[in-house]
Structure formats: structure tokens, C-alpha cells
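Enquirer: Below you'll find the structure I mean.
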Amino acid sequence: MAQGGAFITIEGPEGGGKTTQADHLGTHLRDLGRPVHVTREPGGTWLGERIRVLLLERTGSTAPTDPLADALLFNAARRQLVREVIRPELAAGTTVICARFIDSTLAYQGYGAGVDIDLLRRMNDAATDGLRPDLTVLLDVPVEAGLARKAPGDVTRFEAEYDLGFHRRVREGFLAIAAAESDRIAVVDASGGIEDVSREIARIVDERVLRGEPPASPVRSTR
Ligand code: TMP
Numbered sequence: 003m004a005q006g007g008a009f010i011t012i013e014g015p016e017g018g019g020k021t022t023q024a025d026h027l028g029t030h031l032r033d034l035g036r037p038v039h040v041t042r043e044p045g046g047t048w049l050g051e052r053i054r055v056l057l058l059e060r061t062g063s064t065a066p067t068d069p070l071a072d073a074l075l076f077n078a079a080r081r082q083l084v085r086e087v088i089r090p091e092l093a094a095g096t097t098v099i100c101a102r103f104i105d106s107t108l109a110y111q112g113y114g115a116g117v118d119i120d121l122l123r124r125m126n127d128a129a130t131d132g133l134r135p136d137l138t139v140l141l142d143v144p145v146e147a148g149l150a151r152k153a154p155g156d157v158t159r160f161e162a163e164y165d166l167g168f169h170r171r172v173r174e175g176f177l178a179i180a181a182a183e184s185d186r187i188a189v190v191d192a193s194g195g196i197e198d199v200s201r202e203i204a205r206i207v208d209e210r211v212l213r214g215e216p217p218a219s220p221v222r223s224t225r
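Residues in the sequence shown are numbered consecutively from 3, following the numbering used here.
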């Protein structure tokens with residue numbers, strides 16, 4: 003990280019406001035003079051956006067997809083994003099903010115759908131060549147509240163096809179990962195107002211990522 007940009011991921015169950023918060027954090031860091039690239043999973047490349055449609059679009063089909071097939075597709079999108087966007091941007095000194103990353107596969111396909119967690123970790127490692135975020139912000143929100151927040155047009159196959167028990171396991175999975183990796187993952191209560199949550203995320207990023215780093219651009223006096 004000292005040489006390149008910082009890599010920050012925003013994770014959590016449905017309805018925590020990840021996209022909005024990724025955008026707000028991007029604005030906060032740009033205001034500090036840092037180059038920032040905001041992206042999301044699955045997506046961020048032409049391949050990833052196509053995989054996103056395949057995985058999440060509600061086609062009306064009643065045939066459930068196999069969770070290991072889901073994990074392979076999420077990881078195909080992830081590999082393309084890491085190779086095409088994340089690694090080059092980090093190497094160029096840009097801070098990358100990504101809404102969802104490796105922890106979503108562990109939480110959804112692992113804790114939620116029952117795929118072996120160690121297998122998923124190996125798949126994640128293969129897709130990312132072992133790339134780890136410098137900081138992961140886990141936007142935690144109770145399952146019912148999170149699902150209720152989603153606009154009808156935002157409801158993906160995952161919300162439509164999985165039951166409340168699945169989403170509860172996903173949330174518990176995220177919290178278990180965070181407890182095991184507290185040096186990387188900061189849990190933020192996302193049930194409050196958007197601005198309050200944004201401020202808390204900015205505070206955590208300033209403290210855990212930016213502290214000790216020199217300012218990105220020299221401070222110039224203006225007349
Ligand atoms: P979102 O971008 O609106 O959060 O939708 C992404 C959906 O995809 C969400 O339901 C979580 C799911 N997902 C997985 O199940 N596994 C993954 O690895 C990723 C990245 C997302």
C-alpha cells in the first residue's frame with residue numbers, strides 16, 4: 003500500500019447502502035486530493051457486467067442455480083475486475099473502492115448456501131492472486147430492515163429466490179468473518195441515516211488507511 007493506492011471494500015447484507023456509501027467515500031477521498039476509482043462486484047468490466055445480468059436478473063425461470071456454479075461465475079467476474087481494473091489502478095497510485103469483494107462469496111455461497119468455505123477461499127485466492135483489501139467496511143443491518151429498504155426495481159434473484167433464513171445466515175457469516183479478521187474488517191452499524199454512516203466510514207478510513215501517510219498532493223496557498 004505504501005507504494006500504490008489503498009484498496010478499500012464495502013461489504014454487507016442486502017440494504018446496507020453499499021453503493022451510496024462507496025460513492026460518498028469516493029467523494030471524501032477526492033476532496034482530500036486523492037485519485038479514486040469506485041467500482042462494484044459483480045461488474046466493473048464488460049465481462050463482469052454481463053455476468054451480473056446472468057446472475058442477478060429475474061428472468062422468470064424457476065430453475066434454481068447451483069451455488070457452486072454461482073461462486074464460479076462471481077469469481078470469473080472478480081478475476082476480470084482484478085486484472086483489468088483493480089491491480090492497474092492500485093499500481094498507478096489510485097485508491098480503489100469496491101462495493102462487494104471476496105467476503106460476499108464466503109457469506110452468500112458459503113455461510114448462506116452451504117458451499118465449503120475452504121474451497122471458496124481457494125477459489126477467491128485463485129481469482130485475485132491473493133489480493134486482500136487494506137480495509138473492509140462491513141455495513142451491518144438487520145436482515146428484515148435491509149430487505150425492506152430495497153426498492154422493488156432493485157430486487158435481484160438473490161432476494162427473490164432465497165428465504166429469510168438464508169439472509170440471516172449471510173449476515174451471521176459476515177459478522178463471523180469480521181470477528182476473525184478484525185484487523186482488516188471494521189463493522190459499521192448501517193441502520194442509521196446515510197450521512198451519519200458516511201461520517202463514520204470517513205472517520206474509520208482516515209484513521210486506519212490515511213493516518214501516517216503523507217498528503218496526496220502538496221497543500222498550496224491560494225490568494
Ligand atoms: P448488489 O450489488 O445489489 O449488492 O447485488 C449483488 C448480489 O450478488 C447480492 O445479492 C449479493 C450477491 N453476491 C453473491 O452472492 N456472491 C458474490 O460473490 C457477490 C460479489 C455478490
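Virtual Cβ for every residue (Gly too), placed ideally from N, Cα, C.
Fair warning: this is a prediction, and the values are worked out from it, not measured in the lab.
If we count Cβ pairs, one from each stretch, closer than 8 Å, do we get three or more for the stretch 132–141 versus the stretch 36–50?
Expert: With the cut-off at 8 Å, the stretch 132–141 and the stretch 36–50 do not touch.
Enquirer: Taking the alpha carbon of Ala24 as the reference point, which residue from Gly35, Ile10 and Val211 has its own alpha carbon closest?
Expert: Ranking Gly35, Ile10 and Val211 by Cα distance to Ala24 puts Ile10 first.
Enquirer: Cβ of His147 within 8 Å of Cβ of Thr21?
Expert: Here residue 147 is Ala; the residue named in the question, His, does not match the sequence. No, they are not a contact pair.
Enquirer: Is Asp68 near the ligand TMP, with its Cβ less than 7 Å from a heavy atom?
Expert: No; taking the cut-off as 7 Å, the Cβ of Asp68 has no heavy atom of the ligand TMP nearer than that.
Enquirer: Between the Cα of Gly112 and the Cα atoms of Phe76, Glu51 and Ile187, which residue gives the shortest distance?
Expert: The shortest Cα separation from Gly112 among Phe76, Glu51 and Ile187 belongs to Phe76.
Enquirer: Express the C-alpha separation of Gly6 and Val98 in angstroms, rounding to a whole number.
Expert: Cα to Cα, Val98 sits roughly 10 Å from Gly6.
Enquirer: In angstroms with no decimal places, state the Cα-to-Cα distance between Ile196 and Leu177.
Expert: C-alpha separation (whole angstroms): 21 Å.
Enquirer: Pull up the CB-CB distance for Glu163 and Pro90, whole angstroms please, since I reckon it's below 8 Å.
Expert: Going by Cβ atoms, the distance from Glu163 to Pro90 rounds to 35 Å, so no, they are not a contact pair.
Enquirer: Could you give the distance in angstroms between the alpha-carbon of Lys152 and the alpha-carbon of Val117?
Expert: Computed Cα separation, rounded: 26 Å.
Enquirer: Compare the C-alpha of Arg54 against each of Leu31, Arg159, Arg36 and Arg170 and name the closest.
Expert: Checking every option, the nearest Cα to that of Arg54 belongs to Arg159.
Enquirer: To the nearest angstrom, report how far apart Leu166 and Glu13 are at their CA atoms.
Expert: Roughly 19 Å separates the two Cα atoms.
Enquirer: Among Arg80, Gly175 and Ala8, which residue has its Cα nearest to the Cα of Ala94?
Expert: Comparing Cα positions, the closest option is Ala8.
Enquirer: Is it buried or exposed, Glu16, if we count other Cβ atoms within 10 angstroms and call 16 or more buried?
Expert: It is buried - the Cβ of Glu16 has at least 16 other Cβ atoms within 10 Å.
Enquirer: For His39, which residues of its own chain have a beta-carbon under 6 Å away from its beta-carbon, when the five flanking residues on both sides are left out?
Expert: Once the five neighbours on either side are set aside, the close Cβ partners of His39 are Glu91, Thr96 and Val98.
Enquirer: Measuring CA to CA, which of Leu49, Val190 and Arg60 is closest to Pro154?
Expert: Ranking Leu49, Val190 and Arg60 by Cα distance to Pro154 puts Arg60 first.
Enquirer: Go ahead and pull the three-state DSSP assignment for Ala188.
Expert: DSSP places Ala188 in strand when its eight states are reduced to three.
Enquirer: Select from Leu122, Leu121, Leu56 and Leu137 the residue whose C-alpha is nearest the C-alpha of Leu27.
Expert: The shortest Cα separation from Leu27 among Leu122, Leu121, Leu56 and Leu137 belongs to Leu137.
Enquirer: Could you pull the DSSP bridge partners for His39 from this structure?
Expert: Val98.
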